[in-house]
Amino acid sequence: MKDSKSAPKFIAKHLLDIPRSGIRDFFDIVSTRKDVISLGIGEPDFVTPWHVREQAIFALDRGATSYTSNLGLLELRKAISKHLSKEIKVHYSPETEILVTVGVSEALDLAVRAITNPGDEVLYHEPCYVSYGPIITFTHGVPVPVTTTSENGFRLTRRMLEEKVTSKTRVLILNFPTNPTGGMLTPDDVRGIAKFAVKHDLLVITDEIYDTLVYDKKQFSIASLPGMKERTIYLNGFSKAYAMTGFRIGYSCAPAHITEAMMKIHQYTMLCAPILSQKAALEALNHGNTAMLEMREEYRKRRNFIHAALNEAGLKCHLPDGAFYAFPKIPACGMTSKEFALTLLDKENVACVPGTAFGPCGEGFIRCSYSTNMDEIKEATKRIARFVKGLKRR
Ligand SMILES: Cc1ncc(COP(=O)(O)O)c(C=O)c1O
């Protein structure tokens, strides 16, 4: 912590040590250059399906410009409940257990704030989505990352968690498929982690925002295991599955008393998610499956291509099971991930995110997003191969 003399005036102390997102910093550099091929973007390159946009337009045309219930439109909560009963076989009451939020981002923030007391330890796996550590720190909780590795496809096991748990641990955050690694758990991993959560009386926050973008395996939600609904906050949203990042819409499902606690914060800070986005989300859930499957097929082709091309270029890369990210190891060249990414950008005009943006254990890796069209992926991987060849000749 910086001492108060050098600290910027007025800023709360606990914010001072939180760095800006490494992705943001890197893309500030990228934005100063022309004609960059970006494998850095963490959002779909598709536009939201037309029928979904159309419903938002119709709703606006009909004058849907008001607040909604704090929990969100009941019709949308009912559709979410029906969807989850089918997909993960868990019933959530639309009246008391579902909260519609401003993206999964808000749901995550509410979940951690609603259950973390100052000093509580929160376990999560790293490399991970950039927000987890900072959100825990915002609540005066203690972030406890658990390192996952490429050797086992960035899985998380009970044994790894047992090494990190203490009497102060209260919460475990899971994100499978994972941003940035594309890693997933086996059903046995999920069962082991559930037993771990019960043994240590932990609450689990499971961020399943990439659950539909799974290519060969099947998503297995921890919330669906016996005894887990009671201790799980299930988060999901529309940004990735339906290419709706700009709508800012997501949801949380949890036992009524937890939903009520999260709703209290949401009510006083956000009030409700935007009504037009809720209308669009309803359309996506009711009729968006075909478009979602088409996008997934395109991601699958790109995943297969980028995985092969990166390995051929000399960047050892596990096959991502889900999401739209490859997380290859950079070749031994004496550079850090950041130096590698910056030099690649400088020499070949290709942008990838340094692995350290996702935690210190991301050192030695870069994140290559394949939410970019196939022609660009082909050209980018060609340039990466040329760049790596040049490195070897040094
Ligand atoms: C793992 C993960 N969780 C949550 C989010 C935030 O999603 P939303 O757009 O719903 O706020 C992202 C966005 O990249 C993500 O990768």
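Position in the sequence shown counted from 1, then plus 446, gives you the numbering used here. Ideal Cβ placement from N, Cα and C applies to all residues, glycine included. Here the structure is a predicted model, which is why all the values come from computation and not from measurement.
Discussion item. Nearest by alpha-carbon distance to Lys664: which of Gly768, Arg813 and Phe472 is it?
Written reply: Gly768
Fill in: When His753, Glu744, Cys718 and Ile457 are compared against Phe584, the one with the closest alpha-carbon
Ile457
Discussion item. For the pair the stretch 669–683 and the stretch 476–492, tell me if three or more CB-CB distances fall below 8 angstroms.
Written reply: no
Fill in: Contacting residues, own chain, Cβ-Cβ under 7 angstroms from Glu809 (five flanking each side not counted)
Thr782, Ser783, Gly801 and Thr802
Worksheet item: Which one of Glu794, Lys762 and Arg748 has the shortest CA to CA distance from Asp821?
Response: Arg748
Worksheet item: Lys641 to Ser512, Cα distance in whole Å?
Response: 44 angstroms
Item to complete: With Glu676 as the anchor, note down where its alpha helix (DSSP H) starts and where it stops.
Response: That residue, Glu676, is in no alpha helix (DSSP H); it is neither H nor E in DSSP.
Worksheet item: When the Cα atoms are used, what is the spatial distance from Ala700 to Thr542?
Response: 9 angstroms
Worksheet item: Which class does His733 belong to by DSSP, given the choice of helix, strand or coil?
Response: helix
Fill in: Supposed contact pair Val590 and Val568 - C-beta distance, whole angstroms, cut 8 angstroms
6 angstroms
Worksheet item: Under three-state DSSP, which class holds Leu485?
Response: coil
Discussion item. With H, G and I counted as helix, E and B as strand and the rest as coil, what does DSSP make of Val644?
Written reply: helix
Worksheet item: Rounded C-beta distance between His646 and Val611? I'm assuming under 8 angstroms.
Response: 5 angstroms
Worksheet item: Would you call the stretch 684–698 and the stretch 489–500 in contact, with 3 or more CB pairs under 8 angstroms?
Response: yes
Fill in: Residues bridged to Ile651 [DSSP beta-bridge criterion]
Ile619 and Ile679
Worksheet entry | Paired residues, beta bridge with Phe811 - DSSP | Lys775
Practice prompt. May I ask you to check if the CB of Thr691 is nearer than 7 angstroms to at least one heavy atom of ligand 1?
Written response: yes
Discussion item. When you compare the CB positions of Met708 and Ala560, do they come within less than 8 angstroms of one another, or not?
Written reply: yes
Item to complete: May I ask you to report which of helix, strand or coil DSSP gives Ile464?
Response: coil
Worksheet item: Relative to the C-alpha of Pro720, which residue among Leu731, Ala525, Ile830 and Gly696 is closest?
Response: Gly696
Discussion item. So for Leu569, helix, strand or coil by DSSP?
Written reply: strand
Worksheet entry | Cβ pair Val536, Gly518 closer than 8 angstroms | no
Worksheet entry | Which listed residue (His586, Val476 and His460) has its alpha carbon closest to that of Glu794 | Val476
Worksheet item: According to the Cβ coordinates, are Ala726 and Val550 closer than 8 angstroms?
Response: no
Worksheet item: Is the stretch 596–603 in contact with the stretch 756–765, if contact means three or more CB pairs nearer than 8 angstroms?
Response: yes
Practice prompt. For my contact list, Asn621 and Asp657 are in at a C-beta cut-off of 8 angstroms; report their separation, rounded to the angstrom.
Written response: Not really, about 10 angstroms apart at Cβ, beyond 8 angstroms.
Worksheet item: What residue range is occupied by the uninterrupted alpha helix (DSSP H) comprising Gly579?
Response: Tyr578 to Phe584
Worksheet item: Which residue's Cα is closest to the Cα of Gly587: Cys574, His753, Asp566 and His571?
Response: Asp566
Discussion item. Can you tell me whether Lys448 is helix, strand or coil according to DSSP?
Written reply: With a pLDDT of 46 at Lys448, under the threshold of 50, the predicted position of this residue should be treated as unreliable, though the coordinate-derived value follows. It is coil, neither helix nor strand.
Discussion item. Using only CA atoms, which one of Thr514, Ala505, Pro774 and Leu530 lies nearest to Leu731?
Written reply: Leu530
Worksheet item: If you draw a straight line from the alpha carbon of Tyr570 to that of Val558, how long is it in whole angstroms?
Response: 12 angstroms
Practice prompt. Specify the secondary structure class of Ala700 as computed by DSSP and reduced to three states.
Written response: coil
Discussion item. Beta-carbon distances below 6 angstroms to any heavy atom of ligand 1 define the shell here; list its residues in chain order, please.
Written reply: Gly488, Gly549, Val550, Ser551, Tyr575, Asn621, Asn625, Asp653, Ile655, Gly683, Ser685, Thr691 and Gly696
Worksheet item: To which residues of the same chain is Cys779 closer than 6 angstroms at the C-beta, ignoring the five residues directly before and after it?
Response: Leu837
Discussion item. Helix, strand or coil, according to DSSP, for Ala458 in the structure here?
Written reply: coil
Worksheet item: Three-state secondary structure (DSSP) at Gly801?
Response: helix
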